[in-house]
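The structure appears below as structure tokens.
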Ligand SMILES: Cc1cc2nc3c(=O)[nH]c(=O)nc-3n(C[C@H](O)[C@H](O)[C@H](O)COP(=O)(O)OP(=O)(O)OC[C@H]3O[C@@H](n4cnc5c(N)ncnc54)[C@H](O)[C@@H]3O)c2cc1C
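In this note's numbering, the protein residues as written are 25 to 401.
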């Protein structure tokens, strides 16, 4: 297992950076539900925009553990910024693993440098859990493809320059198509008003006979589904890291607040019930971290259990985030319920980690499938 210590210096550096350059904008982007432009502009200072991409394509070839630590530390400061950062990474990962070199060179270096952004488009109005039931089509035409349909709840829609779109072809298979924001026939729905991660835009991406040239298919035009499933095994640990970072931030806030707030003539931190809650919260955060790092180790060994471990990490970390942030609000008393303190934002931000990148019910289905594999294959 890759030890936490190996990445400790990297984590320390990230924490200093996130505290100085990201955290100061977290409350304001949430309050105004606006794009975290300052934070996103800062990411290239630590080469974060291109962290997972190959060096030959302008990235820094960071391993999964480095990516997890980066997402954790950015989420501890601002979950919206981490949401956008990992969205760009996930959107281009199909291109990294299966794209033609020309298409890779045309897109990845600009995103790795933080000059362009990218989104991934799976979910549709008819459903997100049943990915194979999607209706968006890509039809071969002279010199390219025509895409028709709509994708729902797409992070960074309208702001991203590139969209990795999973669509059904005439043969019934699925392809991944790279669509540019200026391609004819592409438009965006209204920006959704959300509970949390309010700095991260969310909208429909609509394809009305959207024409793209031939060279924009990622690998086999019928092989996209398998690639996307592989990418979800990569992306779920990142969402788990987002959840863990939020939980870590809320725990630290709760410890600091209860260490200076007095009731009945003594610090709230001296009450046994407070100490019991903080002990439970700390244990949940560390349990979640252990699960996530175990998942990273399994992924590194190219182990067949990687998919189930990715689901377990997302399940454990997102549930920990929801529980720890809710308790943090409780420990702040009435102040926790106001927007003057960050814990209510963290509680709202935590919720999405139980929903996106496959709901936790879907994760349980995948874990159970793995558990029963020997009997039901
Ligand atoms: C903030 C945010 C950002 C997002 N970003 C993106 C993005 O960038 N790209 C993208 O493609 N999608 C994105 N999504 C979409 C997200 O992945 C979907 O919302 C999610 O997969 C659930 O799909 P759905 O909303 O259609 O719910 P549904 O699939 O309709 O599910 C409704 C309920 O039924 C449950 N359910 C469904 N099937 C089963 C089953 N077989 N057994 C038990 N329970 C079941 C679900 O768990 C859920 O509780 C985002 C969503 C949000 C909220």
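The beta-carbon is built from N, C-alpha and C at its ideal position, and this holds for glycine as well.
{"query": "Candidates 130, 129, 53, 43, of which the one nearest residue 94 by Cα", "result": "43"}
{"query": "Test item: CB-CB of residue 268 and residue 312 under 9 angstroms", "result": "yes"}
{"query": "Three-state secondary structure assigned by DSSP to residue 161", "result": "strand"}
{"query": "Selected residue, minimal CA-CA separation from residue 32, among 332, 96, 68, 257", "result": "96"}
{"query": "Residue 389 versus residue 395 - alpha carbon distance", "result": "10 angstroms"}
{"query": "Cβ pair count under 8 angstroms reaching 3, the stretch 249-268 against the stretch 320-336", "result": "yes"}
{"query": "Buried or exposed (CB count within 10 angstroms, at least 16 for buried), residue 375", "result": "buried"}
{"query": "Beta-carbon spacing of residue 202, residue 229 below 9 angstroms", "result": "no"}
{"query": "Helix, strand or coil at residue 290 according to DSSP, with G and I counted as helix", "result": "strand"}
{"query": "Buried versus exposed call for residue 148 [16 or more other C-beta atoms within 10 Å across all chains shown]", "result": "buried"}
{"query": "Residue 145 CB to nearest heavy atom of ligand 2 below 8 angstroms", "result": "Ligands present in the displayed structure are limited to ligand 1, and ligand 2 is not among them."}
{"query": "Residue(s) in a DSSP beta bridge with residue 202", "result": "188"}
{"query": "Start and end residues, beta strand (DSSP E) containing residue 337", "result": "It is not in any beta strand (DSSP E) - residue 337 instead sits in the alpha helix (DSSP H) that spans 330-355."}
{"query": "Reference residue 108; option with closest CA among 100, 132, 141, 131", "result": "141"}
{"query": "Residue 114 vs residue 81 beta-carbon contact at 9 angstroms", "result": "no"}
{"query": "Counted within 10 angstroms of its Cβ, other Cβ atoms place residue 36 as buried (16 or more) or exposed", "result": "exposed"}
{"query": "Beta-carbon proximity check, residue 127 vs residue 323, cutoff 9 angstroms", "result": "no"}
{"query": "CA-to-CA distance, residue 235 to residue 91, given in whole angstroms", "result": "34 angstroms"}
{"query": "Where the alpha helix (DSSP H) through residue 113 begins and ends", "result": "103-122"}
{"query": "Residue 135 to residue 292 span [Cα, whole Å]", "result": "47 angstroms"}
{"query": "Length of the line joining the Cα atoms of residue 288 and residue 307", "result": "28 angstroms"}
{"query": "Same chain, Cβ closer than 6 angstroms to residue 71, neighbours up to 5 away in sequence not counted", "result": "84"}
{"query": "Alpha-carbon to alpha-carbon, residue 319 and residue 25", "result": "Confidence at residue 25 is low in this model, with a pLDDT of 39, below 50, so the placement of that residue is unreliable and no value is reported for it."}
{"query": "Contact test: residue 400 Cβ vs ligand 1 heavy atom, cutoff 8 angstroms", "result": "no"}
{"query": "Integer Cβ distance of residue 225 from residue 59, believed to fall under 8 angstroms", "result": "6 angstroms"}
{"query": "Proximity of residue 266 and residue 377 at Cβ, strictly below 9 angstroms", "result": "yes"}
{"query": "Contact check, residue 309 vs residue 354, beta carbons under 9 angstroms", "result": "no"}
{"query": "Check: residue 223 C-beta below 8 angstroms from any heavy atom of ligand 1", "result": "no"}
{"query": "Residue 373 and residue 279 closer than 9 angstroms at C-beta", "result": "no"}
{"query": "Closer than 8 angstroms: residue 124 CB and nearest ligand 1 heavy atom", "result": "no"}
{"query": "Run of the beta strand (DSSP E) containing residue 77, from where it starts to where it stops", "result": "It is not in any beta strand (DSSP E) - residue 77 carries neither H nor E in the DSSP assignment."}
{"query": "Bounding residues of the beta strand (DSSP E) (the contiguous stretch that carries residue 237)", "result": "226-237"}
{"query": "Residue environment, residue 217, which counts as buried when at least 16 other CB atoms sit within 10 Å", "result": "exposed"}
{"query": "Alpha carbon of residue 160 to alpha carbon of residue 190, nearest angstrom", "result": "8 angstroms"}
{"query": "heavy atom of ligand 1 below 8 angstroms from residue 358 C-beta", "result": "no"}
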